[in-house]
Amino acid sequence: MNEMADSNEVIDIKDMLAKFTTDVIGSCAFGIECNSFETADSDFRKYGKSVFEENAFKALKMMLAFNYENLAKKLRITILDKDVENFFVKISTETYNYRVRNNIKRVWIFVAGFDTSAATLTFCLLELACNYDIQDKLREEIFDVLYEYNGEITYEALHEMKYMDQVINETLRKYPVVSMILRKCTQDYQVPFSNSVIEKGTFTIISAMGLHRDPEYFPNPEKFYPDRFSDANLSKIRAGSYLPFGDGPRICIGMRFGMMQVKICLITLLKNFEFSLNSQTKMPPELDFGFITTAKGGVWLNCQKLNKDLLQ
Ligand code: HEM
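The working numbering runs 902 ahead of the 1-based position in the sequence shown.
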């Protein structure tokens, strides 16, 4: 990744970060070296990408599967294309069998993990490229903490980076990469202070994006302002108004892992490079709300190598 960033060219940042997260999840979840940076389109990247690709037929299948579950089952409708499903079933079965044979008790999940983290990183770098003061402040924290740890990115070092947490939290506030939380109502629900009842069986969509950009909960919502998440301000955030990882029993199981890979990637990049906006990218970006929120046209950033030694 460092080599790609150091190429002195304008970078399609989403592509670079998706390669990074594909390699991380492939390795941690399946013990497989995906080599996404060396291979033009590794199988993991190819099939992983197509899970989130959208088209009208896929949208129709999803609509049927969510709203007419029994009919969809009878018609044997699957949301994933057969070749994509076959690839992940094969790889999961092989991994599972290997782990049973070798008594390894970890089962991870690939697809939910790489695009979400890559999209979070993309929007984070985009905002940092537009807000030099925040980028500098974060880099300073990275240098200060890593200095204490002799340049090593340890678990403890990550925990000391409080401003880093604020920056990532604010990124996921402004750009919740999973913009909609899906639920099926399991019992009739009287919506408080209204005459509306959500009937049992209703498929519901909770808009994280709507909540996160509502000025009632987050004043001046278009402003990228990590201090919303400072210790002093945290108590002002209303319960249930901030849902980047969902909530309740089905909250994202990869939340900690996702946060960790985002942090490691940001440290690796920011300690070596400075990012600025390239004219190919519009700010504010036009958002595309698919399975994962993305910026239409991609995010292109200039990347300048820093001449600062971490341990000086
Ligand atoms: C910054 C990165 C990530 C974000 C923003 C994110 C966000 C989310 C959200 C919003 C949900 C839906 C939760 C709900 O319905 O209440 C979810 C579910 C899920 N996520 Fe993540 N996720 C991230 C990283 C990961 C990673 C790294 C993994 C695995 C390695 C993962 C695995 C899952 C799984 C398996 C579910 C389904 C949980 C269930 O239905 O019980 N996620 N994620």
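Every residue, glycine too, gets a C-beta built ideally from N, C-alpha and C.
{"Item": "Contact belief for residue 963 with residue 979 at Cβ below 8 Å, rounded distance in angstroms", "Value": "5 Å"}
{"Item": "Between the CA atoms of residue 941 and residue 916 - distance to the nearest angstrom", "Value": "17 Å"}
{"Item": "Buried versus exposed, by CB contacts within 10 Å (16 or more), residue 1061", "Value": "exposed"}
{"Item": "With 16 other Cβ atoms within 10 Å as the buried cut-off, status of residue 1095", "Value": "exposed"}
{"Item": "Straight-line Cα distance separating residue 1059 from residue 1079", "Value": "26 Å"}
{"Item": "Rounded C-alpha distance that separates residue 1025 from residue 950", "Value": "20 Å"}
{"Item": "Burial state of residue 920 (16 or more Cβ within 10 Å)", "Value": "buried"}
{"Item": "Spatial distance of residue 908 from residue 930 (CA atoms)", "Value": "26 Å"}
{"Item": "Heavy atom of the ligand HEM within 7 Å of residue 1154 beta-carbon", "Value": "yes"}
{"Item": "8 Å Cβ cutoff met for residue 1195 and residue 1203", "Value": "no"}
{"Item": "Inter-residue Cα distance where the pair is residue 1174 and residue 1207", "Value": "6 Å"}
{"Item": "Limits of the alpha helix (DSSP H) - the one that residue 1041 falls within", "Value": "1034–1050"}
{"Item": "Beta-carbon separation (whole angstroms), residue 1163 vs residue 986, contact threshold 8 Å", "Value": "Not quite, the Cβ-Cβ distance comes to about 23 Å (not below 8 Å), so this is no contact."}
{"Item": "Alpha carbon of residue 952 to alpha carbon of residue 1134, nearest angstrom", "Value": "42 Å"}
{"Item": "Residue 1161 versus residue 1003 - alpha carbon distance", "Value": "31 Å"}
{"Item": "Residues near residue 1085 by beta carbon distance below 6 Å, same chain, minus five either side", "Value": "1106"}
{"Item": "Residue 1047 CB to nearest heavy atom of the ligand HEM below 7 Å", "Value": "no"}
{"Item": "Residue 1075 - containing beta strand (DSSP E), residue span", "Value": "Run containing residue 1075: none in the beta strand (DSSP E); it sits in the alpha helix (DSSP H), 1064–1076."}
{"Item": "Range of the contiguous beta strand (DSSP E) that encloses residue 1109", "Value": "1105–1109"}
{"Item": "Pairwise C-alpha distance: residue 1130 and residue 1136", "Value": "7 Å"}
{"Item": "Check: residue 1159 C-beta below 7 Å from any heavy atom of the ligand HEM", "Value": "yes"}
{"Item": "DSSP state of residue 912 mapped onto helix, strand, coil", "Value": "coil"}
{"Item": "Span separating the alpha-carbon of residue 973 from that of residue 945", "Value": "32 Å"}
{"Item": "Sub-8 Å separation of residue 1092 and residue 1132 beta-carbons", "Value": "no"}
{"Item": "The ligand HEM heavy atom lying under 7 Å from the CB of residue 1148", "Value": "yes"}
{"Item": "Residue span of the beta strand (DSSP E) that contains residue 966, given as start and end", "Value": "From DSSP, residue 966 is part of no beta strand (DSSP E) but of the alpha helix (DSSP H) over 958–969."}
{"Item": "Pair within 8 Å by beta-carbon distance, residue 1108 and residue 1083", "Value": "yes"}
{"Item": "Contained alpha helix (DSSP H) runs [length at least 4] in the region 1137–1199, N- to C-terminal order", "Value": "1157–1172"}
{"Item": "Cα-Cα separation, residue 1009 to residue 998", "Value": "With a pLDDT of 45 at residue 1009, under the threshold of 50, the modelled position of that residue is not reliable, and the figure given next carries that caveat. Taking the straight line joining both Cα atoms gives about 7 Å."}
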